[in-house]
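Undergrad: In the numbering used here, the protein residues as written are 13 to 134. Before I ask anything, here is the structure I am working with.
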């Protein structure tokens, strides 16, 4: 979490890629992006703020969902309460909260079937 993370705001975007190395090379050359590597299937996109935070990530397609658009992530101060709110509003939890190097996150579908994620530092 960074000081700029706001409860229920858009906070992070993941791009699904078919070749992680080629994608990193492309985005580095085209836009000067740098990355934090988290293994063979994921690289975090380092924020240009220079504060060590990340603004998104590159996810190898075989690690999760197919190529076809970004995954938008929201930030939550209370992931469990947010999950309850999603369900109460008619959303579907696709992946229960799980731990990752930055905290915890879940995935859900809105009533139209759009998949989004929510993460929390706790």
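Where a beta carbon is used, it is the ideal one built from N, C-alpha and C, also for glycine.
In whole angstroms, what separates the C-alpha of residue 109 from that of residue 86?
TA: 14 Å
Undergrad: How is residue 94 classed by DSSP in three states: helix, strand or coil?
TA: helix
Undergrad: Find the nearest neighbour of residue 91 within the set 100, 134, 61, judged by alpha-carbon distance.
TA: 134
Undergrad: Looking at the secondary structure, which residues open and close the beta strand (DSSP E) in which residue 40 lies?
TA: DSSP places residue 40 in no beta strand (DSSP E) but in the uninterrupted alpha helix (DSSP H) bounded by 32–43.
Undergrad: Please look up how many angstroms separate the CB atoms of residue 57 and residue 69, rounded, as I've assumed it's under 8 Å.
TA: That pair is a contact at about 6 Å.
Undergrad: Starting from the C-beta of residue 105, find all residues in its chain whose C-beta is less than 6 Å away, skip the five residues before and the five after it, and write them out in chain order.
TA: 120
Undergrad: Tell me the residue span of the beta strand (DSSP E) that contains residue 89.
TA: Residue 89 -> no beta strand (DSSP E), and no H or E assigned at all.
Undergrad: Count the other C-beta atoms from every protein chain shown that fall within 10 angstroms of the C-beta of residue 124, then say buried if there are 16 or more, exposed otherwise.
TA: exposed
Undergrad: Here's a check: name, in chain order, each residue in its chain whose Cβ is nearer than 7 Å to the Cβ of residue 17, leaving out the five neighbours to either side.
TA: Excluding sequence positions up to five before and after residue 17, its CB lies within less than 7 Å of the CB of 23, 87, all in the same chain and listed in chain order.
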